[in-house]
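Taking it in order: structure first as structure tokens, then the write-up.
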Amino acid sequence: MAVPTSTRAVALATIVTLFAGAPAWGLMRPDHALAVAVGLTAQTLCAETFISGLPPERIFHDSVAARPGLNLIAWGLRYNIDQQRREVSASWLGLARTSAVHRGPAGCQLNHGRPIAPAPILAPIAVSTTPWIKAPADTRIEAALDQAFAEPAKGAHRVRAIVIVRDGQIVGERYGPGVRSDTALPGYSLTKTAIGALTGVAVRQGRLRMDQAAPVTQWRAAGDPRATITPNALLRMTSGLDAAETHSGFDPTSRMLFLEPDMAAYAQDLPAKQAQGHAFAYQSANTLILSRILANLAGGREADALSFVRRELFAPLGMTTAVLQTDAAGTPVGSEGMLASARDWARLGQLFMDDGIHDGRRILPEGWVAYATRPTLGGPYGAGLWLARASKPTPLSIITQASLPADAFYASGDLGQRIYILPSARLVVVRLAASTGPAFGIRADMTLLGALSSASD
């Protein structure tokens with residue numbers, strides 16, 4: 355339906371009002387921020403509708419409209435679901451129109467005004483030969499799950515799934531409305547941990563050296579300050595690239611994820627802000643560059659990249675629900691594009707618990723987990739994983755340090771997605787949600803983990 359001219363005028367006035375305080379309009383463009391919001395809406399609705407199978411109205415409310423920042427303009431966001439074409443179109447009162455299309459095993463892809471390639475044909479992921487063993491119900495664990503699913507007085511947890519694994523067995527699990535044990539849910543930055551694991555696979559295979567210059571053609575020119583950036587610096591977020599990530603809609607990462615058809619190429623073209631290894635800066639551009647490196651090592655084509663992911667990680671672990679989405683260039687969106695069931699995310703966590711070995715087969719190179727959990731510049735981040743403790747704490751690590759064992763580490767994603775690995779407690783805990791409020795529910799997670807540790811005594 356056409357949007358009346360008067361409504362468009364109000365919409366434009368609203369945009370100007372919202373961003374009137376932005377300095378340097380050449381850098382802070384409201385039209386770009388609006389396009390980012392619409393792109394996020396289309397991509398999120400496409401993935402959670404056609405991969406997760408959740409109701410679109412709930413997806414929009416929980417995963418789009420409730421996001422900080424987006425909640426200010428959500429009233430103007432419009433979307434349409436085309437079930438037959440498996441496509442989601444979106445706009446803001448008719449402005450900044452875009453769409454996302456579901457492409458089978460490659461997930462959903464935003465339309466950037468060019469033909470979208472047919473979905474790649476991939477071999478199915480083999481069913482795990484070692485299915486989860488489920489232990490008898492424990493009333494203490496059930497009580498802890500009751501508390502974890504309860505809504506707080508302030509904010510919203512909206513927990514979708516929790517799976518608790520002790521000694522390799524499921525000792526507790528629970529799911530929210532419409533979610534089952536095989537429902538693939540977005541992990542957002544949990545995907546970075548999967549890319550970290552795949553980087554380890556490439557190292558084990560002898561295809562990649564972490565301490566040598568990253569194989570990025572764009573950085574090979576004489577005198578390019580990026581020429582010495584290593585895969586280690588990319589995985590540890592110390593590359594020094596000027597790739598600010600603020601989720602404002604104006605930042606380079608927002609543009610990369612929702613406006614650029616070739617995300618990795620955009621990331622590789624970003625200039626160096628400082629020399630590698632001097633400062634930690636959590637930026638998705640680093641992981642997108644690693645994703646392109648891995649894709650090239652696998653053969654370069656979209657089908658090659660996804661076959662590598664499925665053959666070397668998903669299939670060995672039995673992650674039958676896992677989907678790693680690609681961009682318009684066919685590169686896996688390794689910063690945030692993976693969906694999997696809570697049980698399958700737990701399989702990834704268990705791999706790190708078991709020092710990179712699954713079912714007697716070494717997936718990650720010997721010593722990789724120790725490497726990945728070694729602090730980066732004294733902070734609470736390792737190499738693709740967050741650490742419970744740090745010599746240079748952050749507000750978040752102060753919370754985890756007060757509650758978790760010294761050997762604990764975890765993967766973390768937007769809106770409260772987390773995989774906790776507690777080696778000394780023999781626990782892997784997955785929590786998937788659409789949380790808002792303070793720290794996306796991490797204090798409730800600490801309460802849950804404390805109760806689980808007590809239940810194991």
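Numbered per the working numbering, the sequence shown spans residues 355 to 811.
Cβ atoms here follow ideal geometry from the backbone N, Cα and C, with glycine treated the same way.
Assuming Asn434 is part of the beta strand (DSSP E), what are its boundary residues? For the purposes of this step, residue 434 is identified with residue 80 of the sequence shown, where counting begins at 1. In the DSSP assignment, Asn434 falls within the beta strand (DSSP E) that extends over Leu431 to Asp436.
Looking at the structure shown, is Pro825 part of a helix, part of a strand, or coil, going by DSSP? The structure shown does not extend to residue 825, since the chain is modelled only from 355 through 811, so no value can be given for it.
Hey, Leu718 and Pro734: beta-carbon distance below 9 Å or not? On the sequence shown, position 364 is the one that residue 718 refers to. On the sequence shown, position 380 is the one that residue 734 refers to. Inclusion of Leu718 and Pro734 in the CB contact set at 9 Å is not warranted, their separation being larger than that value.
What three-state label does DSSP hand Pro485 in the structure shown? For the purposes of this step, residue 485 is taken as the residue at position 131 of the sequence shown. The three-state secondary structure of Pro485, taken from DSSP, is coil.
Ala365 in three-state terms, based on DSSP: Numbered from 1 along the sequence shown, position 11 holds the residue referred to as residue 365. For Ala365, the predicted model reports a pLDDT of 46, less than 50, meaning its position is unreliable and no value from the coordinates is stated.
Among the candidates Arg646, Ile516 and Asp708, whose CA atom is the shortest distance from the CA of Ala619? Translated into the one-based positions of the sequence shown, residue 619 becomes position 265. Checked all of Arg646, Ile516 and Asp708; the closest Cα to Ala619 is Arg646.
Thinking Ala480 and Pro459 are a contact (beta carbons under 8 Å), I'd like their distance in whole angstroms, please. Residue numbering aside, residue 480 sits at position 126 when the sequence shown is read from its first letter. Residue numbering aside, residue 459 sits at position 105 when the sequence shown is read from its first letter. So it is not a contact: roughly 14 Å between Cβ atoms.
At 3 residues or longer, what runs of the beta strand (DSSP E) sit wholly inside the segment 680-727? Within the segment 680-727, the runs of beta strand (DSSP E) that reach at least 3 residues and sit entirely inside it are, in chain order, 692-694.
To the nearest angstrom, report how far apart Asp385 and Glu614 are at their CA atoms. Counting from one through the sequence shown, the residue named residue 385 turns up at place 31. Counting from one through the sequence shown, the residue named residue 614 turns up at place 260. The alpha-carbon separation between Asp385 and Glu614 amounts to approximately 15 Å.
According to DSSP, simplified to helix, strand and coil, what is Phe763? On the sequence shown, residue 763 is found 409 positions in, with the first residue counted as 1. Three-state DSSP puts Phe763 in a strand.
Look up Ala737 in the DSSP assignment and say whether it is helix, strand or coil. For the purposes of this step, residue 737 is taken as the residue at position 383 of the sequence shown. Here Ala737 sits in coil by DSSP.
Member of Asp713, Thr727 and Thr537 whose CA lies at the smallest distance from the CA of Asp698: Your numbering for residue 698 matches position 344 in the sequence shown. That would be Thr537, whose Cα lies nearest to the Cα of Asp698.
Please report the distance separating the alpha-carbon of Arg728 from that of Gln771. Your numbering for residue 728 matches position 374 in the sequence shown. Your numbering for residue 771 matches position 417 in the sequence shown. Near 22 Å, if we compare the C-alpha coordinates of Gln771 and Arg728.
Relative to the C-alpha of Arg743, which residue among Gly721, Leu776 and Trp722 is closest? Locating residue 743 in the sequence shown gives position 389, where the first residue counts as 1. Check the Cα spacing between Arg743 and each of Gly721, Leu776 and Trp722: the tightest is with Leu776.
Helix, strand or coil for Arg514, going by three-state DSSP, please let me know. Residue numbering aside, residue 514 sits at position 160 when the sequence shown is read from its first letter. Under the three-state reduction of DSSP, Arg514 is assigned to strand.
State the Cα-Cα distance for the pair Arg780 and Pro485, rounded to the nearest angstrom. Working through the sequence shown from its first residue, we reach residue 780 at position 426. Working through the sequence shown from its first residue, we reach residue 485 at position 131. Straight-line Cα distance between these residues: approximately 18 Å.
If the criterion is Cβ atoms closer than 9 Å, does the pair Gly631 and Gly672 meet it? For the purposes of this step, residue 631 is identified with residue 277 of the sequence shown, where counting begins at 1. For the purposes of this step, residue 672 is identified with residue 318 of the sequence shown, where counting begins at 1. Cβ atoms of Gly631 and Gly672: not closer than 9 Å.
Inter-residue spacing [alpha-carbon to alpha-carbon] between Arg439 and Arg563: The residue you call residue 439 lines up with position 85 of the sequence shown. The residue you call residue 563 lines up with position 209 of the sequence shown. Spanning the two alpha carbons is a distance of roughly 43 Å.
Taking only three categories from DSSP, how would you classify Glu441? The residue labelled residue 441 in the question sits at position 87 within the sequence shown. Residue state, collapsed to three classes: strand.
Below 8 Å on the Cβ atoms is my guess for Ala420 versus Leu431; work out the distance and round it to an integer in Å. Sequence index remark: in the sequence shown, residue 420 carries index 66 (1-based). Sequence index remark: in the sequence shown, residue 431 carries index 77 (1-based). Ala420 to Leu431, Cβ: 12 Å. No contact.
Of the residues Ala765, Met800 and Ala726, the one placed nearest Ser757, counting alpha carbons only: By one-based count along the sequence shown, residue 757 stands at place 403. Among Ala765, Met800 and Ala726, the Cα nearest to that of Ser757 belongs to Met800.
Measuring CB to CB, does Leu539 end up less than 9 Å from Glu656? The residue labelled residue 539 in the question sits at position 185 within the sequence shown. The residue labelled residue 656 in the question sits at position 302 within the sequence shown. Leu539 is not a Cβ neighbour of Glu656, given a cutoff of 9 Å.
Where the alpha helix (DSSP H) containing Tyr620 begins and where it ends: Position 266 of the sequence shown, counted from the first residue, corresponds to residue 620. Residues Met617 to Asp623.
Among all the DSSP beta bridges, which residues are the ones paired with Ser453? Walking along the sequence shown from the start, residue 453 turns up at place 99. Ser453 is bridged to Ser443.
Smallest Cα separation from Glu690: which of Gly736, Asn640 and Asp761? Within the sequence shown, the letter at position 336 stands for residue 690. Considering only alpha carbons, the answer is Asn640.
From Ser695 to Ile435, what does the alpha carbon distance come to, in whole angstroms? For this step, residue 695 is matched to residue 341 along the sequence shown. For this step, residue 435 is matched to residue 81 along the sequence shown. For Ser695 and Ile435, the distance between alpha carbons rounds to 23 Å.
Per-residue DSSP class, three states only, for Glu402: In the sequence shown, counting from the first residue as 1, residue 402 sits at position 48. DSSP, reduced to helix, strand and coil, places Glu402 within a helical segment of the structure shown.
For the alpha helix (DSSP H) holding Val557, just list the boundary residues, first then last. Along the sequence shown, read from residue 1 onward, the residue named residue 557 stands at position 203. Counting along the chain, Val557 sits inside the alpha helix (DSSP H) bounded by residues Leu544 to Arg558.
With DSSP as the reference, label Ile524 as helix, strand or coil. The residue labelled residue 524 in the question sits at position 170 within the sequence shown. Secondary structure of Ile524 (DSSP, three-state): strand.
Measuring only the C-alpha atoms, how far is Gly603 from Met617? Position 249 of the sequence shown holds residue 603. Position 263 of the sequence shown holds residue 617. Those two C-alpha atoms are separated by around 15 Å.
Cutoff 8 Å; reference Ala809; Cβ partners in own chain excluding five residues on either side: Locating residue 809 in the sequence shown gives position 455, counting from the first residue. Asp492, Arg494, Ile495 and Ala498, listed in sequence order.
On the three-state DSSP scale, how would you describe Pro579? If you number the sequence shown from 1, residue 579 lands on position 225. DSSP, reduced to helix, strand and coil, places Pro579 outside both helices and strands of the structure shown, so it counts as coil.
According to DSSP, Val783 sits in a beta bridge with which residue or residues? Your numbering for residue 783 matches position 429 in the sequence shown. Looking at the DSSP assignment, Val783 forms a beta bridge with Ile518 and Tyr774.
What residues match up with Leu595 in a beta bridge as DSSP calls it? Position 241 of the sequence shown, counted from the first residue, corresponds to residue 595. For Leu595, which the question treats as bridged, DSSP gives the partners Ala626.
So what does DSSP say about Thr531, is it helix, strand or coil? Here residue 531 corresponds to residue number 177 of the sequence shown, with the count starting at 1. It is Pro, not Thr, that sits at residue 531 in the sequence shown. Secondary structure at Pro531: coil, using DSSP grouped into helix, strand and coil.
Would DSSP call Gln755 helix, strand or coil? Start at 1 with the first residue of the sequence shown, and residue 755 comes out as number 401. Reduced to three states, the DSSP call for Gln755 is helix.
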